[in-house]
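First residue of the sequence shown? That's 6 in this note's numbering, and the numbers climb one at a time after it.
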Amino acid sequence: MSIKKIIAFGSAKGGVGKSSITASIGISLSKNNKVGILDADIYGPNQDILFDIQEKPKFENKSIKPIKKNNIDIVSMGSILDDDKAATWRGPMLSSALRQLINSTAWEDLDYLLIDMPPGTGDAYLTLFKELNVDYFILIAINNILSSSDSLRTISMLNKLNVNILGYIENNIFNNKKEELNFIKFNGIDKLGSFSFHKKIFNFDPDYNCDESNNIAKKIEKII
Ligand SMILES: Nc1ncnc2c1ncn2[C@@H]1O[C@H](COP(=O)(O)OP(=O)(O)OP(=O)(O)O)[C@@H](O)[C@H]1O
Ligand SMILES: [Mg+2]
6 MSIKKIIAFG SAKGGVGKSS ITASIGISLS KNNKVGILDA DIYGPNQDIL FDIQEKPKFE
66 NKSIKPIKKN NIDIVSMGSI LDDDKAATWR GPMLSSALRQ LINSTAWEDL DYLLIDMPPG
126 TGDAYLTLFK ELNVDYFILI AINNILSSSD SLRTISMLNK LNVNILGYIE NNIFNNKKEE
186 LNFIKFNGID KLGSFSFHKK IFNFDPDYNC DESNNIAKKI EKII
């Protein structure tokens, strides 16, 4: 198995579109590349729902076989745990579950492995960056003072962990007018693009051909 590049999508702030944008960029990148998505949100997995995964993954020689949807190899705790069972693990158990997902998955050869990060700056981040050679981090931010402040906390954590930040994606989830968009000021971090509110992202349609997502994917292909 060889994975050419690993890109984590995250932000300390919850609900800013990390999962939706990871899935959307994954779909765009998969047009020209082999793509995998690892849902690293153990408490609130969503990739299984976005890609309408109903089946449980197969285990072969103690390895998890990713489930293929829309030509993307996907591993999510959501398709391993029963829907109505919330994981209520303490930090060490969360880390060990994430470590197992990372180390026990038999990925096929991939051009890009995208990681959908949970909110926060805690255990999941420390475990992920310890267990995996993450090449780049893409920050997801909405134009709002609270999101911006949490993003600065994320940046400070990434700097401490020596993680390369490829850039940020602005999720203009409320379709604010240009003059209302003035909260995001991250020194030295490039803007890769922005998303507006789309009904087909809100009610996630994996067949939606999103121009904004395609443009950002093209940028990523060019830089990496
Ligand atoms: N560009 C968009 N257009 C329409 N709806 C969006 C967009 N981005 C996000 N959403 C919606 O906003 C909500 C939050 O998005 P999402 O779950 O992807 O965020 P998240 O950052 O992954 O959240 P969490 O921190 O809980 O993991 C969801 O209901 C999603 O459908
Ligand atoms: Mg999420």
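Yeah, the Cβ is synthetic: ideal placement off N, Cα and C, and Gly gets one too.
In the three-state reduction of the DSSP assignment, T110 falls in the strand class.
The three-state reading of DSSP puts F134 in helix, counting H, G and I together. Assignment of I69 by DSSP, reduced to helix, strand and coil, places it in the strand class. The C-beta distance from K39 to D114 rounds to 6 Å, short enough to fall under 8 Å. Annotation for D155: the continuous alpha helix (DSSP H) segment containing it runs I150 to K165.
No Cβ-Cβ contact shorter than 8 Å links I145 with L133. Note: S201 is bridge-paired with N177 in the DSSP secondary-structure output. Burial state of K227 is exposed, judged by a 10 Å Cβ sphere holding fewer than 16 other Cβ atoms. Contact between I160 and F188 does not hold, since their C-beta atoms are separated by about 14 Å, which reaches or exceeds 8 Å. If the five residues before and after I8 are omitted, its C-beta is found closer than 7 Å to the C-beta atoms of W112, L115 and L118, all from its own chain and listed in chain order. Of the residues F207, R158, F142 and I206, the one whose Cα lies closest to the Cα of L197 is F142. Within the same chain, Cβ atoms closer than 6 Å to the Cβ of F209 are found at L55, the five residues on either side in sequence being excluded. Taken atom to atom, the span from the alpha-carbon of S154 to that of K18 is near 9 Å.
Distance from the CA of P71 to the CA of I79, rounded to the nearest whole angstrom, comes to 5 Å.
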